[in-house]
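Encoded as structure tokens, the structure appears first; notes follow it.
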Amino acid sequence: MKTETRKNAELTKKYKDFLFPSVITYYQEPLPLVSGKGCRVMDAEGGEYLDFFGGILTVSIAHCHEKITKRTAEQLKKLQHVSTLYPTKPAADLAEKLASICPGGLRRSFFTNSGTEADEMAVMTAQHATGNQEIICLRHSYSGRSAMAMNMTAHSPWRISKTLMPGIKHAHAAYCYRCPFKLSYPSCDLACAKDVEELIQTETCGKVAAFLAEPVMGVGGFVVPPKDYFKVVTDIVHKYGGLFIADEVQTGWGRTGGKWFGIEHFGVNPDIMTSAKGMANGLPIGWTITTDKIAESLKGLTISTFGGNPVSCAAAHATIDAIEEEGLLQKTEKLGHILRGHLLEFQKSFPCIGDVRGMGLMAGVELVLDRKTKAPDAKSVVKIFEETRKEGLLIGKGGLYGNILRISPPMGISLAELEEGIKKLRKAFERL
């Protein structure tokens, strides 16, 4: 066995031996990664891969981005940790910056470590602000791994806990390709949005604390709702005493193109917003933001040991600055159109592609056995995965049935790299 191959095998074995068996990895044989730069990562054998998934949309700009890495390292040498009990310049400066780019009067931040924590903080805040308890989420949604987050998640494979938490209801999602009402937009008159009102009327006490939803579903398969969906739902939720929480964990930081946050494309301002993942280009940070009035309703003592960590906050601020300096909001919008254009051309050539959708640099390709029946084709996704790996391309997957390819390269990707990745993906499809 070659030295490089042996190192690869040893790393994989150690990973399997000492981590929980439930920690899944991609590919039939796991792919250990040891370094990255820009939009490329390297494995333990020296193999190079074009990254079209960004560590689950978390490397938002580039691997080891020079300016972000420099500012992060500078903070690491200056002050690493103190907790929220002590004000720090990185946390204060970041909160001020966030208030300047967020929509609709959102200006009071609370920092955590992950999207799971951010969503839980948002729900707790909404419950205090409204005096109500029940929460409306969407089918096909994903919130995280804690007990509450798993109960808000509507994906059975990701709900490994059997604990049932009362007061969380799931409405039908605006999943037009698989409309639960067998209708078509716009003649459907947004039946899915109106389903939220019926759900509140029939499965709650008639008063709710919040409606929590992703502007574009992430794990659900990059499902994009109609433009007027959130306006209708927000009006309904407000009618029944609730607040709208926009979960921007995957859609934030310019990922959807043209705007900082995904919800800004839908003409409605959320009452509370959460994010994590790409916020610090790969460092752990979570975040909840709301208005002065709503934030002031949360009475009692609240701290976070690692929330607002100076190093993570410095990295997040540097990430936002880099997005502005490099014009990535506009660039992502432009490259997103090019990416989806190529994928729509794929659809003409490969009958297994049932739907192509997305916003900015998050594109979903749903594979089916038959375009008429829309029967999910998860096996082809597995084949595509193995073939793209051979081509030196990393992509993601998702959807309730595991039949959706998720394509979300770092936003710093060049047009040449995007075209290179598209060619690799086409070769993988041609081998099906």
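So this note's numbering is basically just the index in the sequence shown, starting at one, shifted up by 1438. Glycine residues also receive a C-beta, built at the ideal position from the N, C-alpha and C atoms. This one's a predicted model, so the numbers in the text were calculated from it and none came from an experiment.
- Remark: three or more beta-carbon pairs, one from each stretch, lie closer than 8 Å, so the region 1757 to 1775 and the region 1841 to 1859 are flagged as touching.
- In the structure shown, the three-state DSSP call for C1540 is coil.
- The alpha carbon of L1536 has as its nearest neighbour, out of E1824, K1821 and D1759, the alpha carbon of D1759.
- Spatial neighbours of C1575 in its own chain (CB-CB distance under 6 Å, excluding positions within 5 residues in sequence) are listed in chain order as M1590, H1608 and L1650.
- Cβ-Cβ distances below 7 Å link P1663 to A1612 in the same chain, with the five nearest sequence neighbours on each side left out; the list follows chain order.
- Between Y1615 and V1661, the CB-CB gap stays under 9 Å.
- Around the beta-carbon of T1740, fewer than 16 other beta-carbon atoms lie within 10 Å, marking it exposed.
- Of the residues R1795, T1694 and Q1571, the one whose Cα lies closest to the Cα of Y1678 is Q1571.
- Non-local C-beta neighbours of Q1565 in its own chain, meaning closer than 7 Å and more than five positions away in sequence, comprise Q1571 and A1647, ordered along the chain.
- The residue from G1859, L1471, T1510 and H1519 with its alpha-carbon nearest to that of T1743 is H1519.
- In terms of Cβ geometry, Q1513 and P1748 form a close pair [threshold 9 Å].
- By the neighbour-count criterion, in which 16 or more other beta carbons inside 10 Å mark a residue as buried, S1538 falls on the exposed side.
- Distance check between I1732 and each of S1547, P1528, F1491 and K1451 places S1547 closest, using alpha-carbon atoms only.
- Bounds of the beta strand (DSSP E) holding T1728 are G1724 to T1728.
- Of R1864, F1867 and S1846, the smallest CA-CA separation from G1656 is found for S1846.
- Annotated three-state conformation of M1603 is coil, per DSSP.
- Distance between H1501 and F1619, taken at the CA atoms: about 42 Å.
- Here H1703 carries a helix assignment [DSSP, helix/strand/coil].
- Straight-line measurement puts the Cα of I1499 at about 16 Å from the Cα of G1859.
- Its Cα nearest to that of K1817, the residue E1804 stands out among E1829, T1811 and E1804.
- Counting only the Cα atoms, Q1768 lies some 35 Å from E1734.
- Under DSSP, E1804 shares a beta bridge with D1793 and I1842.
- Counting only the Cα atoms, V1634 lies some 15 Å from C1626.
- Rounded to whole angstroms, the separation of the alpha carbons of Y1623 and F1458 is 44 Å.
- Taking a C-beta distance under 9 Å as the contact criterion, R1869 and K1821 qualify as a contact pair.
- The beta carbon of D1481 sits closer than 8 Å to those of N1446, L1469, P1470, L1471, V1472 and Y1487, all from its chain and outside the five residues before and after it, given in chain order.
- Beta-bridge annotation (DSSP): S1713 is paired with W1725.
- Where L1517 is concerned, there is no enclosing alpha helix (DSSP H), because DSSP gives it neither an H nor an E.
- L1832 is positioned such that its CB atom lies no closer than 9 Å to that of V1561.
- Secondary structure at G1745: coil, using DSSP grouped into helix, strand and coil.
- If you draw a 10 Å sphere on the C-beta of F1456, you find fewer than 16 other C-beta atoms in it, and that means exposed.
- Remark: C-beta atoms of G1553 and S1713 approach each other more closely than 9 Å.
- Residue burial annotation: S1581 is buried, with at least 16 other C-beta atoms found within 10 angstroms of its C-beta.
- Per the C-alpha coordinates, the member of M1586, T1826, L1495 and F1491 positioned closest to S1599 is M1586.
- S1594 and K1516 have their C-alpha atoms some 44 Å from each other.
- D1685 is bridged by DSSP to T1712.
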